[in-house]
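J.: Okay, here's the structure, questions in a sec.
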Amino acid sequence: MTYASMMVAMDLTPQAPDRVRLAGHLADDFRARLIGVAAETPAYAVPPVGPTPASAYALAASNEIVLNDLRQAHAAFEEAAGGRSRVEWRSNLDFPLPFLVAQSAAADLVVVGRKTEPGPMLFSVNPGDLVMHLGRPVLVVPPGVDHLDAKRVAVGWKNTREARRAVQDALPFLKRASQVVVISVDDRDSAADPQDIVGFLQAHDVYATAVRRDTDGAAASEALIDAASEQAADLLVTGAYGHGRFREWAFGGVTRDLLAYAPICCLMSH
Numbered sequence: 001m002t003y004a005s006m007m008v009a010m011d012l013t014p015q016a017p018d019r020v021r022l023a024g025h026l027a028d029d030f031r032a033r034l035i036g037v038a039a040e041t042p043a044y045a046v047p048p049v050g051p052t053p054a055s056a057y058a059l060a061a062s063n064e065i066v067l068n069d070l071r072q073a074h075a076a077f078e079e080a081a082g083g084r085s086r087v088e089w090r091s092n093l094d095f096p097l098p099f100l101v102a103q104s105a106a107a108d109l110v111v112v113g114r115k116t117e118p119g120p121m122l123f124s125v126n127p128g129d130l131v132m133h134l135g136r137p138v139l140v141v142p143p144g145v146d147h148l149d150a151k152r153v154a155v156g157w158k159n160t161r162e163a164r165r166a167v168q169d170a171l172p173f174l175k176r177a178s179q180v181v182v183i184s185v186d187d188r189d190s191a192a193d194p195q196d197i198v199g200f201l202q203a204h205d206v207y208a209t210a211v212r213r214d215t216d217g218a219a220a221s222e223a224l225i226d227a228a229s230e231q232a233a234d235l236l237v238t239g240a241y242g243h244g245r246f247r248e249w250a251f252g253g254v255t256r257d258l259l260a261y262a263p264i265c266c267l268m269s270h
């Protein structure tokens with residue numbers, strides 16, 4: 001099992017070139033093609049009722065503004081991709097989330113940035129929305145990170161459908177890693193026994209060990225990040241929204257916290 005195709009969401013933020021460089025290095029490691037994706041709708045998408053010259057002009061002008069931004073995003077993507085031969089670009093006048101979801105049929109792994117600014121950003125895709133709709137593993141890259149070795153990988157484990165899916169989706173990383181640690185956090189719902197998943201990984205020739213952590217009054221996400229940091233992991237594999245996204249939005253949860261402030265890359269599946 002490997003990743004034959006990497007897709008990276010492109011935008012015009014300062015963090016985007018770092019994200020493309022990271023995806024490019026991963027594409028080299030897995031001998032995969034690299035696909036850049038960007039989309040946005042014009043601010044003036046629907047003209048008023050009735051064919052008026054002013055509305056037609058405004059629509060054309062708005063389209064041209066977005067097309068120019070897409071050209072800038074394409075140029076920035078190609079520069080960050082560094083002249084690799086197996087590179088593809090896809091863009092359109094469309095809403096970013098459904099466009100990326102549709103294009104993801106061509107990818108094994110989708111790389112996105114963490115949303116760091118409040119409010120809408122050009123071409124931006126909320127990673128929480130994406131992981132719920134994609135049907136593909138999502139690699140969320142924090143700001144300032146442009147390389148991922150993934151030699152030491154942490155797995156945040158709870159025996160849920162989402163976590164099992166994430167471990168399966170992450171096998172190409174896990175099989176390349178020199179160390180994999182499965183972290184189960186004791187919280188009010190109790191910790192899952194990690195032995196079955198450790199045995200599963202070992203059956204796939206992945207050397208894995210298990211670590212149990214108490215929250216000691218902290219959030220489960222904080223305990224998970226601390227344990228991953230102690231293992232010097234630069235990749236954290238977790239299931240996403242195991243309790244449902246609305247519950248996490250209303251009451252807080254591990255996925256929401258990781259998407260907000262995890263300092264290392266997170267591979268998530270739902």
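Start counting the sequence shown at 1; every next residue gets the next number (UniProt numbering).
Every residue gets a Cβ at the ideal spot worked out from N, C-alpha and C, and that includes glycine.
Compute the beta-carbon to beta-carbon distance between H204 and Y241, rounded to the nearest angstrom, for a pair I have assumed lies under 8 Å.
T.: No, H204 and Y241 are not in contact; Cβ-Cβ is about 25 Å, not under 8 Å.
J.: How do the region 209-225 and the region 86-97 stand: do at least 3 beta-carbon pairs fall below 8 Å, yes or no?
T.: no
J.: Helix, strand or coil, according to DSSP, for T209 in the structure here?
T.: strand
J.: Tell me the start and end of each unbroken alpha helix (DSSP H) in the region 111-187 that is at least 4 residues and wholly inside, in chain order.
T.: 127-133, 161-169, 171-176
J.: Closest to S184 by C-alpha separation, out of A192, A177, T2, would be which residue?
T.: A192
J.: If the criterion is Cβ atoms closer than 8 Å, does the pair V125 and V112 meet it?
T.: yes
J.: Pop quiz: E78 and R33 are said to be a contact at Cβ under 8 Å. What is the actual Cβ separation, rounded to whole angstroms?
T.: Contact flag wrong, Cβ pair sits at about 14 Å.
J.: Nearest to N92 by CA position, among H133, A39, V153, is which residue?
T.: A39
J.: Where do the N-terminal and C-terminal ends of the beta strand (DSSP E) with I35 fall, by residue?
T.: 33-40
J.: Label D234 either buried or exposed according to how many other C-beta atoms from any shown protein chain fall within 10 Å of its C-beta, with 16 as the threshold for buried.
T.: buried
J.: Of all the options A43, A81, H74, G253, which has the alpha carbon lying nearest to the alpha carbon of I65?
T.: Nearest C-alpha to I65: A43.
J.: With DSSP as the reference, label D257 as helix, strand or coil.
T.: helix
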